[in-house]
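Written out below as structure tokens is the structure these notes cover.
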Amino acid sequence: MIDPVALFLLLLSASTPILFAALGELVVERAGVLNLGVEGMMIVGALSGFATAYYSGNAFLGFAVAALAGALVALPFAILTQFLMSNQVASGLALTLFGLGLAALFGKPVEGVKAPTMAAGPLGLNWIVWLGLAMVPAIWWFLNRSRPGLILRGVGENHDAAHALGYDVRRVRLAAIAFGGAMAGIGGAFISVATVLQWTEGMTAGAGWIALAIVVFSNWTAVGVLAGAWLFGGVTVLQLRLQAAGVRVPVQLLSMAPYLATIVVLVAISARQKFSRRSGSAAPGSLGQDFHALR
Amino acid sequence: MIRLVPRTDSAPLLQVATPVMAVLATMLAGGILFAIMGYDPVAAIRTIFWDPLFGPAAGYSRPQLLVKAAPLILIASGLAVGFRAGIWNIGAEGQYIIGAITGAAVALAAYPAQEMWIFPAMVIAGAVGGWAWGMIPALLRNWFGASEILVSLMLVYVAQRIAAWMAFGPMKNPEGFGMPGSRNLQQYPAASNPELIAGTGAHWGVIAAAAAVLATWFLMSRHIRGFHIRAAGIAPRAARFAGVKPQTLVAFCLGLSGALAGMAGLFEVAGPAGQITDKVGVGYGFTAIIVAFLGRLHPLGTLLAGLLLALTYIGGELAQLTMNLPAATVQVFQGMLLFFLLGFDLLTRFRITRRVTA
């Protein structure tokens, strides 16, 4: 028999990378920017965090560097979309392709080495898992109860109005993009430093894209992001359990589960937003649009 | 103080000049990257961009240009049509893989028959497979409003796992001594996609790519559907008032790019790759996105951009051999290229002037 408590703890760990990345992207999208580069920022975080942890022997330092690297690699995206008015979809894709290449290029020296062990926190869970859980109320509070959060939402809902009120739309968005990069970096590092304990090319395997889908699923709320991340953590854990239990389904087909679940959930939530009269989509009004102040 | 003023003209000269500027900037930034990594930047750039065509081993690498460019151009000409309409199929890699599988399935089912119809049937099966895989995000968007970006991308991962399953399971070569991977189609004459003219690298995929460029050019500049696509991309609301049905365009663009990507996958698996393995997808579907943008979403531009990016693939392999440069260098190059391209694109849409201080 499987112990449900142990299973839930596994779920918490499995959902952490996506939770971080999706919370970061939530803030970015609430500021009106669609950054499709989550996968690229995650993989850069996964490599830089792992390399730092390996060479310094300090895993926590690895997470700090991963956050910094995630924010830094988002910089070209920020410049392109905020100052050069580039298409956000294309720029985000470029960030993903660039990040994947960059990580593959610089990751060769740390292939095959093992990450240092981390001291576990309460309930035997990694401290980063707890940090991720703490970020949910923190971001909820920031978005819904704080003044900077109100300004950020204003910029995301209607950038022209926010500009007219005297808020610096670009500065708010630059800060949001950097934050999103840092969160994605931590999420990526959790995979390499705390879960797999190794670096392999392309190891984020679509987690960044799943995070993007979860933001849609959450209807742009922090609690919704947590629910989405747990759902995917659950599917992942279940899928691994079934593999371990030797179910007579090919491993390759079982490992499709997280991606198929993403599609199913995305379709369900989009349909709800499309057909329900009361609960329409809460997507920020200026999401994905260029901002060019003529005055 | 610098000020950006939106252009009212189309700046035809800059439309052509900006991709060239982006390529030069990428070479410059790439050179700096090589210098940081401890390689001779001039030699590295020459190895990647010059030697494959005119270097000492050019006799071997020149035919490779068409081999690598064909799938890129075939996929990118379909993607460019959709991107024009603001329909983002970023899952061409998945459609490519499924096309390779469905196309190869026909060959493996017919083995060892040597009939004339086998190869044409494979091409059709590949196109239909890619089309069907592309129609999934199209229908999910049309029926439920699900983002075609995320669905098409998720389906890449699903397709990769189907390919792995096929290679280890249903399509495994029964005479392969337990090794994963299907029968090698290069050794099955009726199903293979050989070099048509010795020494050129031209296989059926190259001909299909050329046909795709012509067909999409005709579509976009001579056909009413192309006009609708362009209108929907520039002014979606106006297009809708003019009677353009967005749902039809979504299905058309995703279906077309899916079918072309599927065909590209089939030509590859029947020719240069030879067999279905768990690594059928080699990233052409993603690189084709860069090709489409570098070609400014124009069929002729796509042709040139496809050749250039094929050059970076071959040059990258050459640099790996001669200079010990890591394989991922090309990937970084392609990412940088797209960054610079999007950045320089500013010049075609805005005029840069000095702000007059009042």
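Same order as they appear, the protein sequences are chains A and X. Heads up, my numbering is the position in the first sequence plus 345, with the first residue counted as 1. Heads up, my numbering is the position in the second sequence plus 1, with the first residue counted as 1. Ideal Cβ positions, reconstructed from N, Cα and C, are used throughout, including at glycine.
X/Ile230 and A/Ile531 have their C-alpha atoms some 41 Å from each other. In the pairwise beta carbon analysis, the segment 506 to 517 of chain A is classified as not touching the segment 471 to 483 of chain A: fewer than three pairs are separated by under 8 Å. When DSSP states are grouped into helix, strand and coil, X/Thr9 belongs to the coil group. Taking 4 residues as the shortest admissible run, the segment 503 to 582 of chain A contains the following complete alpha helix (DSSP H) segments, listed from N- to C-terminal end: 504 to 509, 514 to 534, 552 to 562.
Shown here for A/His637: same chain residues with a beta carbon closer than 7 Å to its own, the five before and five after excluded, namely Met430 in chain order. Annotation: A/Thr361 to A/Ala574 spans about 7 Å, alpha carbon to alpha carbon. Within the same chain, and ignoring the five residues on either side of X/Leu298 in sequence, the residues whose Cβ sits closer than 6 Å to its Cβ are Ala81, Phe84, Arg85. Of all residues in the segment 403 to 424 of chain A, only Pro421, Phe422, Ile424 come within less than 9 Å of chain X when Cβ atoms are compared, listed by chain position. The beta carbon of X/Val159 sits closer than 8 Å to some beta carbon of chain A. Our two residues, X/Ala18 and X/Ala209, have alpha carbons roughly 28 Å apart in a direct line.
A/Asn564 has a beta carbon lying at 8 Å or more from every beta carbon in chain X. The C-beta separation of X/Gly100 from X/Gly131 comes to about 4 Å, placing the pair in contact by the 8 Å criterion.
Note: X/Ile49 is not bridge-paired with any residue in the DSSP secondary-structure output. For X/Arg162, the enclosing alpha helix (DSSP H) starts and ends at 149 to 169. For X/Phe145, at least one C-beta of chain A is nearer than 8 Å to its own C-beta.
Proximity of the segment 102 to 109 of chain X to the segment 286 to 296 of chain X falls short of the contact definition, fewer than three beta-carbon pairs being nearer than 8 Å. Residue state for A/Arg617 is assigned as helix, using DSSP reduced to three classes. Residue contact check for X/Ala165 against chain A: a CB pair falls below 8 Å. Taking 7 Å as the cut-off between beta carbons, the residues of the segment 322 to 349 of chain X near chain A are Pro327, Ala329, Thr330, Gln332, Val333, Gln335, Gly336, Met337, Leu339, Phe340, Leu343, Gly344, Asp346, Leu347, in sequence order. At a cut-off of 8 Å, the C-beta of X/Leu67 has no neighbouring C-beta in chain A.
Exposed is the label assigned to X/Met180, since fewer than 16 other Cβ atoms lie within 10 Å of its Cβ.
Per DSSP, the unbroken beta strand (DSSP E) holding X/Ile353 starts and ends at 351 to 355. Neighbours of A/Ile608 in chain X, taken as residues whose beta carbon is under 7 Å from its own, are Val152, Met155 in chain order. When beta bridges are read from the DSSP output, X/Ile3 appears opposite X/Arg355. For A/Gln543, the closest Cβ of chain X is not nearer than 8 Å. With three or more CB-CB distances shorter than 8 Å, the segment 153 to 161 of chain X counts as touching the segment 131 to 143 of chain X. At least 8 Å separates the beta-carbon of A/Leu611 from that of A/Leu379. Taking a 10 Å sphere around the C-beta of A/Glu370, we find 16 or more other C-beta atoms and assign the residue as buried. The segment 557 to 576 of chain A and the segment 414 to 430 of chain A do not touch, with fewer than three beta-carbon pairs separated by less than 8 Å.
Comparing alpha-carbon positions, the option among X/Ile119, X/Arg142, X/Gly206, X/Tyr189 lying closest to X/Leu261 turns out to be X/Gly206. Membership of X/Arg297 in any alpha helix (DSSP H) is not indicated, and neither H nor E is assigned to it by DSSP. Comparing alpha-carbon positions, the option among X/Ile277, X/Gly286, X/His204 lying closest to X/Leu73 turns out to be X/Gly286.
Assignment of X/Ala236 by DSSP, reduced to helix, strand and coil, places it in the coil class. In this structure A/Gly533 touches A/Thr549 by the C-beta definition: roughly 6 Å separates them, less than 8 Å. Taking C-beta separations shorter than 7 Å and ignoring five residues to either side along the sequence, the partners of X/Leu267 in its chain run Gly100, Ala101, Gly104, Met123, Val124, Gly127, following chain order.
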